[in-house]
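Working notes, structure below.
Protein chains: 2
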Amino acid sequence: MVKFIGVVTRRPGMPRDEFLRYWREVHGPLAAALPGLRRYVQNPPVEVSGREPRYDGVAELWFDDLDSLRAAFRTPQGERVRADESQFIDQARSFAMIVEEREVSL
Amino acid sequence: MVKFIGVVTRRPGMPRDEFLRYWREVHGPLAAALPGLRRYVQNPPVEVSGREPRYDGVAELWFDDLDSLRAAFRTPQGERVRADESQFIDQARSFAMIVEEREVSL
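From first to last, the protein sequence lines are chains C and E. Per the numbering used here, residue 11 is the first one in the first sequence, and the count goes up by one each step. Per the numbering used here, residue 11 is the first one in the second sequence, and the count goes up by one each step.
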């Protein structure tokens, strides 16, 4: 299993509420339909008084392996997802990582 | 439930292998002993040919709520965890976020 992590900043001038709404209501369902996707979690920042979050959100998408992840983004649905990102994300201030989860025993 | 996400860069001059070993074998058990911690996942980057990962790792720590999270880092164990970070993490090129998980239905 591999996990795609997207750490994103909203488009300049877009109010935070509008960003969160778009992410949840429009982009979420689009990305949820990616072929081969196993799990999808959106992580909006918790409001902490006196602290501005460094980014506007973190997305996590799980796939069986690296090949499935790459294949998903090359499908027509993958292209729709990428195209939709420009509607609410500032790509220059966002980044992605591909990681492997290692559960630590408590 | 809230989740602390730490996105980290290793100390300058530290080889990646050594960073990953220290994180897993030394820092992992220390952080796993934080009071009130509910779940802990370390996410090392997957090696993708031709792509240098933007950061050296992402840590995720779950707590019941914001108060439990803050309280954990104020305990002696929390202080040990913070102190140990300087052994392998470049704080100037690392950051943390506190988020809420929103599972998206597939």
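Here a beta-carbon is modelled for each residue, glycine too, at the ideal position from N, C-alpha and C. Computed from a predicted model, the values in this text were never measured in an experiment.
Can you tell me where the beta strand (DSSP E) holding residue i begins and where it ends?
{"i": "V68 of chain C", "result": "G67 to F73"}
{"i": "G16 of chain C", "result": "V12 to V18"}
{"i": "V114 of chain E", "result": "From DSSP, V114 of chain E is part of no beta strand (DSSP E); its letter is neither H nor E."}
Residue i and residue j: beta carbons closer than 8 Å?
{"i": "A42 of chain E", "j": "V114 of chain C", "result": "yes"}
{"i": "M107 of chain C", "j": "P25 of chain E", "result": "no"}
{"i": "R48 of chain E", "j": "D74 of chain E", "result": "yes"}
{"i": "R92 of chain C", "j": "F83 of chain C", "result": "yes"}
{"i": "V58 of chain C", "j": "V17 of chain E", "result": "no"}
Let me know the secondary structure DSSP gives residue i once reduced to three states.
{"i": "P55 of chain E", "result": "strand"}
{"i": "V36 of chain C", "result": "helix"}
{"i": "R26 of chain E", "result": "helix"}
{"i": "R21 of chain E", "result": "coil"}
Roughly how many angstroms lie between the CA atoms of residue i and residue j, to the nearest whole one?
{"i": "Y65 of chain C", "j": "I99 of chain C", "result": "11 Å"}
{"i": "V109 of chain E", "j": "M11 of chain E", "result": "9 Å"}
{"i": "P86 of chain E", "j": "R112 of chain C", "result": "25 Å"}
{"i": "Y50 of chain C", "j": "A81 of chain C", "result": "17 Å"}
{"i": "D27 of chain E", "j": "N53 of chain E", "result": "14 Å"}
{"i": "E95 of chain E", "j": "P22 of chain E", "result": "13 Å"}
{"i": "E35 of chain C", "j": "F29 of chain C", "result": "10 Å"}
Who are residue i's beta bridge partners in DSSP?
{"i": "A106 of chain E", "result": "E:G16"}
Note the first and the last residue of the continuous alpha helix (DSSP H) segment covering residue i.
{"i": "L47 of chain C", "result": "Run containing L47 of chain C: none; DSSP gives neither H nor E here."}
{"i": "F98 of chain E", "result": "Note, F98 of chain E: premise wrong, no alpha helix (DSSP H); not H, not E."}
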